[in-house]
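Working notes, beginning with the structure itself.
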Amino acid sequence: MANVTPIEDSERRRKTVFSPRVPEELTVVDAAAFFGEVRNISLHGATLVRAAGPLLVDGARITRTDLSQSRFVRASMGDVIFFDCNLANARWSEAALTRVTFEECQMTGFDVNSSALLDIQFLRCKLSLSSFRFLSNARVLCAHCEMDGTDFQGVELRRCFFDRCILTGSLFHE
Numbered sequence: 001m002a003n004v005t006p007i008e009d010s011e012r013r014r015k016t017v018f019s020p021r022v023p024e025e026l027t028v029v030d031a032a033a034f035f036g037e038v039r040n041i042s043l044h045g046a047t048l049v050r051a052a053g054p055l056l057v058d059g060a061r062i063t064r065t066d067l068s069q070s071r072f073v074r075a076s077m078g079d080v081i082f083f084d085c086n087l088a089n090a091r092w093s094e095a096a097l098t099r100v101t102f103e104e105c106q107m108t109g110f111d112v113n114s115s116a117l118l119d120i121q122f123l124r125c126k127l128s129l130s131s132f133r134f135l136s137n138a139r140v141l142c143a144h145c146e147m148d149g150t151d152f153q154g155v156e157l158r159r160c161f162f163d164r165c166i167l168t169g170s171l172f173h174e
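If you number the sequence shown the way the numbering used here does, the last residue is 174 and the count never jumps.
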């Protein structure tokens, strides 16, 4: 086993996107509970109708849920897994997301402008025409995603990784 220099170790860590640490035991909630501050929850098969307002989520598994009408400003989410959810046209501007995975989600037109995305994974998602403008602190992995026409204006992409994604017509200004 070869010795790793501090510089090599730092470079390896820079390229690592960490997965969510969702607790095993979660409290099952319905859509009405998905507001304000929620911790260690499971939400399945719900529909959020015009959800808006403040939101802090710490530890959650959200499956087959429709969040397409959600409008959150400065939402904060940590250690969350979204699986097979509809987030098409959802607007989460100025969000702070840490260790969040979106897997097999419909996210066409998803908007997280001016957000901080740290250790975010998009796996087999449809993100066409989405907006990631002016992200800060972005460390993101996109794998097997449809991202045609997506807007990355003003985003530092050194810690963003794209693996087998469709990026046709995407914007990378500034």
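Backbone N, C-alpha and C fix where the C-beta goes; we use that ideal spot for every residue, glycine too.
S68 to G109 span [Cα, whole Å]: Spanning the two alpha carbons is a distance of roughly 10 Å.
Span of the beta strand (DSSP E), counted from its first residue to its last, around I120: Taken as a continuous stretch (DSSP letters only), the beta strand (DSSP E) holding I120 covers 116-123.
Among V29, F162, V112, the one whose alpha carbon lies nearest that of S76: V112
Euclidean distance between Cα positions of D30 and S130: 27 Å
DSSP bridge partner residues for H44 (one or two, in chain order): T63
Endpoints, beta strand (DSSP E) assigned at R74: That residue, R74, is in no beta strand (DSSP E); it is neither H nor E in DSSP.
Straight-line gap, D163 to F122 (C-alpha atoms, nearest Å): 10 Å
The beta strand (DSSP E) enclosing D163, as first and last residue numbers: Taken as a continuous stretch (DSSP letters only), the beta strand (DSSP E) holding D163 covers 160-163.
L117 vs R139 beta-carbon contact at 9 Å: yes
Other residues of its chain near D84: CB distance less than 8 Å, five sequence neighbours each side excluded: T63, R64, E103, E104, C105
Span of the beta strand (DSSP E) around E103: 96-103
Buried versus exposed, by CB contacts within 10 Å (16 or more), P54: exposed
A176 (DSSP reduced to helix, strand or coil): This structure cannot settle anything about residue 176, because the visible part of the chain is limited to 1 through 174.
Beta strand (DSSP E) segment containing A138, residue limits: 136-143
Integer-rounded CB distance, given that V22 should sit under 8 Å from G59: 6 Å
R39 and V28 closer than 9 Å at C-beta: no
Nearest-angstrom Cα separation, counted from T47 out to S114: 26 Å
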